[in-house]
Amino acid sequence: MSVLETPRLYFTGQMVWDPIVTNNYQEFYNEVTCDPAPPNDPVADFRQRAIAAVDPRNWNPHGTHRSTFLAEVSGVDVGSGLDTSDPVVGAPASFLGMLVDAEPYGTISSQLFFDSMQFGIAGGCRLTCPRTFRVMSRYVNFGRNSYNQIKAGVASVIWQTSIPSSSLLQIDPHDSPALQALAEALASENGVIGLTVRWNTYRTIYYDDPAIISNSSPLLSQAAQALIAKLNVPNSFQPNPARSLLVGVVGLWRQGEPACEPGDRALLAQLPNETVATAFARVTGDALVLDLSNSISEVDAELTKQDLGTLSVCAMSADGAKVAKVLGSLPYKSYDRCSYVATSGLVTLPLSAPDAELAATAPLQLRSGSLVYLAEEVLRAAPSTQQNIYLNQTDAAVEAELQVLSFGAPAGAGVTVSRYDWDGTTATLLDTAQTGPDGVASFEVAPAAAGAVLPYLFTAGSEAPAPAQLDPQLTPYIYVRTLPADAEIGAMDPSWDNVYANVLAKWNAMAPCMDNWLLLDQPAQVRAYAAMLRKLTDPAAFEAYRFMPVTRDMTEGERTLLYKFLDAPPEPAAKSFAAQPTAAARPAGPDIERLNRAMRGG
Amino acid sequence: MIRLQATPPSNVDDAIAMLQTAIGIEFGTLPPYLYAKFSILPGANPAATERLNMIVGQEMIHLCLVCNIVNALGGTPRLTAPVYPTTLGDIGPPGGDPLVVSLLPFGPEAMAQGMAIEEPEEVPPYKVVESLMATGGAMTIGQYYALVDAFLATLPPSAWTAGRNQITDDQFFAGQLFAVDGYDDAHMAIQQIVSEGEGSKDDPLDFQNELAHYYRFGEIFYDKVLTKIPEDPGYQWGPTPLGVDWAGAYPAIPDPGSHDFSQDSEAAQAAQHACNLAYSGMIDALQKAVNGAAGELGAAVRKMFELRMAAMAALQVPLADGQVAGPSFVYTPTGPGASS
């Protein structure tokens, strides 16, 4: 089972992105030391520079990182094709996450930290998906919307997470056959281990203006200057969220499938500029289902899909050199805009029984005559659960697991997986590992000697050539971010001056949105909210939506110093903040034990 | 049910005056809903807290949307803090008493009050609107909005000023808060407000297929999830419990604004002062925001966060009689440009 099998839900809508992007630029942030740049720049000066840089690049210095769906369930498929009459259709799809780049300078390590997502509402048809794994971005398609060249507007991205049945995943089917079918599949012992939610975001606009389609557009400069004017108003708070369209699918997650990126069979892009970007395929009984959600470009502002004519889906010879059989054709209407939105980019090609049997074991290609758009990489590795790994400099090494798939199914034992270091120009072999019986190979990931953000690339099979580059369309990869120990900061005297200068000023500079909740330069407020700050910065809450700092770049030394300050007896000046409970005050009431717990901060 | 007395507006000034009343109602619901929410013990009643959070958030959106309409019509929205208990302008049923809205701690009484405020009308709203347009008289909030909406539909495009002092969703409430640049936007805003508050006679779902406020309060009141059923009338309360624990709340007094804190400890008085300071700061920032300084919305949110923290502190300070008090929601201007 996978999202390419049935039952599944489709959803469509928009996604709103509100990241602070100041840390994307070296002039403002050092991703190795995790410090603002230049270090010790006064907060007011830093903020002003960040505002000045809005034109043309730094488009959202007042962002919050919050990212949310405005979407609804748009259809279902329980095995007989698209159905828009199921009662769950029209139900809201709800998601709220924090968008964070593991590698701040880059664009291919984005992730969404969230607590739960939901399709439907309580009391009606509903699917409640608590977080087990972050939502990861994969297979960035830099050629998706070439008409829309503003910032990341040109690109589309696959986002995915999976929710184990063993978690608090809850399905309330009521009268929805689709949800009933999902529940039954989860209850079966057929290798189904949970649900996968996958969606594709595309056609991203900035400044709420779809007419701004170029980084050199005068319209962009006008909009940026208008934003700068708003940002320069004292006490202002002016986020500038970007907005994308999305299509998505919820389906079954089976044993051996990566949790946070597509499994199945990867049909890799073959032409430059992602003329047709990497897709995924699965033979499901009497059909081949293709996930083209990230693959076909929109060529204009009306979102017309690129017309590539009728495409052929071919079963190839074992070496991929010859067409063994044309399995079927995809006319334009099967991948045009209407079809794309209706089934979230999934295209079903009926197969005869012999063809299905052939397709299960022959490499697949998507072609137009002799022009090959997509070709299957039969043996492929994918991170099982962790695409972005965070480590502290003093941490012990952790294991990263790579699931190797062969024709979309877990490979057996003895497949060689190679790990490469990538320095931006050259891939250097680091080590290899062999898969176990479940097709999983493990690699030890140790923290870097100091702060660093390093990608590792992977190949599957002993004959696989080294990756030519880190191409998110082609290359399996993970990012490892090591936060420096900052032991000297941790050893400092926990005076306010030290805590502010070495810990809090960083986020006070980088994240002006914090002014809406807590003035980080006010010791009385910081002390008043000590319990909350400890709770929100606790490493145990690292995966939570509300974890602070959102950017996950507080070093051990910084945390140590902050906690020493928060735990120290309050200085007399700190009592000026009026909302202080008195330590001796105990309310009488019907439930003293609970009230006491509440007084300790809940 | 809030019943209002109104006659069909005959000009833009009339419509603005009616919308100003609506602003007072939308704003006036926030303190009682917040009082109930704040008084829930930390960690207790998560499902009820989630529902109250949603209601409070949507009331804030409604407030901003009505302000957007007033601004688009050339008016100047005013935020006037009610003194609780208050009627919020309710005239009551024929021959009956108006609904008195109090600050009540989390409990059945507070939830029943929420249901009473949000209670939907009995008849399809637009049929009622047609008859009311001819006669005027007493009406629910939904009917009241419909009356305004019907008049706004008659205005020429020149009556609207696009982009005037609008609060949009780029700061908060993504996708739910939008500029009112003309009648179509105003109509959508009114539909959203009415739909989210009351739902409709035959359907508890609002325009986004979420439960309307009346039913959210009902879920808490009955401690039952409003559940879809195949037979008429299509829904029932339960059988699944929502998981309400009425004991999971502070023993807070009602309407602390009416309480004489001079007999209580200095700590209790200081806690109330902190609450009122934060509340007043929030109103003043919000007033500036809806009058064109949209950036002040962030300051309003910070003050609201401060209010929440101050309320948490206040609810832990015993009064002389052993109970506690949440925020009084008493407004005092905090500086120039403050609300009046």
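Chains G and B supply the protein sequences, listed in that same order.
Numbering follows our numbering, with no gaps: position 229 of the first sequence is 229.
Numbering follows our numbering, with no gaps: position 305 of the second sequence is 1305.
Even for Gly, the Cβ is constructed at its ideal location relative to N, Cα and C.
Following the DSSP letters along the chain, one finds B:Cys1064 inside the alpha helix (DSSP H) bounded by residues 1046-1072. Identification of residues in the region 1168-1192 of chain B having a C-beta nearer than 9 Å to some C-beta of chain G yields Thr1168, Asp1169, Asp1170, Gln1171, Phe1172, Ala1174, Gly1175, Gln1176, given in sequence order. Note that the C-beta distance between B:Leu1004 and B:Met1115 is not below 7 Å. Within chain G, no residue has its beta carbon less than 7 Å from that of B:Ala1036; the closest one is some 16 Å off.
Non-local C-beta neighbours of G:Leu268 in its own chain, meaning closer than 8 Å and more than five positions away in sequence, comprise Thr278, Leu374, Ala375, Glu376, Glu377, Gln473, Leu474, ordered along the chain. A Cβ of chain G is located within less than 7 Å of the beta carbon of B:Glu1210.
Residues of the region 151-176 of chain G that bring their beta carbon within less than 7 Å of a beta carbon in chain B comprise His174, Asp175, in sequence order. The Cβ of B:Gly1295 sits closer than 7 Å to at least one Cβ of chain G. With respect to the 7 Å criterion, G:Pro164 and G:Gly194 are classified as neighbours on the basis of their beta carbons. Counting along the chain, the unbroken beta strand (DSSP E) around G:Tyr456 starts and ends at 452-460. When CB distances to chain B are screened at a threshold of 7 Å, not a single residue of the region 48-65 of chain G falls below it. A straight-line Cα-Cα distance of about 40 Å links G:Gly251 and G:Pro484. Put simply, the CB of B:Ala1249 is far from chain G, with every gap to its CB atoms at 7 Å or more. Straight through space, the alpha carbons of G:Thr459 and G:Pro467 are spaced by roughly 8 Å. G:Gly120 counts as buried, since no fewer than 16 other beta carbons sit within 10 angstroms of its beta carbon. Think of a sphere of 9 Å around the beta carbon of G:Asn240: the chain B residues whose beta carbon falls inside it are Asp1170, in chain order.
Following the DSSP letters along the chain, one finds G:Ser368 in no alpha helix (DSSP H) but inside the beta strand (DSSP E) bounded by residues 364-368. Using a 10 angstroms sphere on the CB of G:Ser352, the tally of other CB atoms stays under 16, which defines it as exposed. One finds Gly123 in chain G with Cβ atoms closer than 7 Å to the Cβ of B:Leu1226, taken in chain order. 7 Å or more divides the Cβ of G:Phe133 from the Cβ of G:Ala315. At least one CB atom of chain G sits nearer than 7 Å to the CB of B:Phe1305. Residue pairing for G:Phe113: DSSP places it in a beta bridge opposite G:Met98.
For B:Val1244, not one C-beta of chain G is nearer than 7 Å to its own C-beta. G:Asp35 is bridged by DSSP to G:Asn30. Within a 10 Å sphere around the beta-carbon of G:Ala287 sit 16 or more other beta-carbons, which makes this residue buried. G:Phe237 belongs to the set of residues whose beta carbon lies under 7 Å from a beta carbon in chain B.
Each residue's CA atom was taken as its position, placing G:Thr560 and B:Cys1067 some 46 Å apart. G:Pro239 sits away from B:Gln1166, with the two beta carbons spaced by 7 Å or more. With respect to chain B, the C-beta atom of G:Leu70 has a partner C-beta closer than 7 Å. Counting only Cβ-Cβ distances below 8 Å, B:Pro1230 has contacts in chain G at Asp175, in chain order. When the Cα atoms are used, G:Asn40 and G:Tyr500 turn out to be separated by approximately 11 Å. Taking C-beta atoms as the reference points, G:Gly490 and G:Gly439 fail to come closer than 7 Å. The Cβ of B:Val1301 sits closer than 7 Å to at least one Cβ of chain G.
Judged by their CB atoms, B:Val1148 and B:Ala1017 are not nearer to each other than the 7 Å cut-off. Using a Cβ-Cβ distance cut-off of 8 Å, the region 120-131 of chain G and the region 98-109 of chain G are not in contact, since fewer than three pairs of beta carbons, one from each stretch, lie closer than that value.
B:Thr1334 sits buried, since 16 or more C-beta atoms from the chains shown fall within 10 Å of its C-beta.
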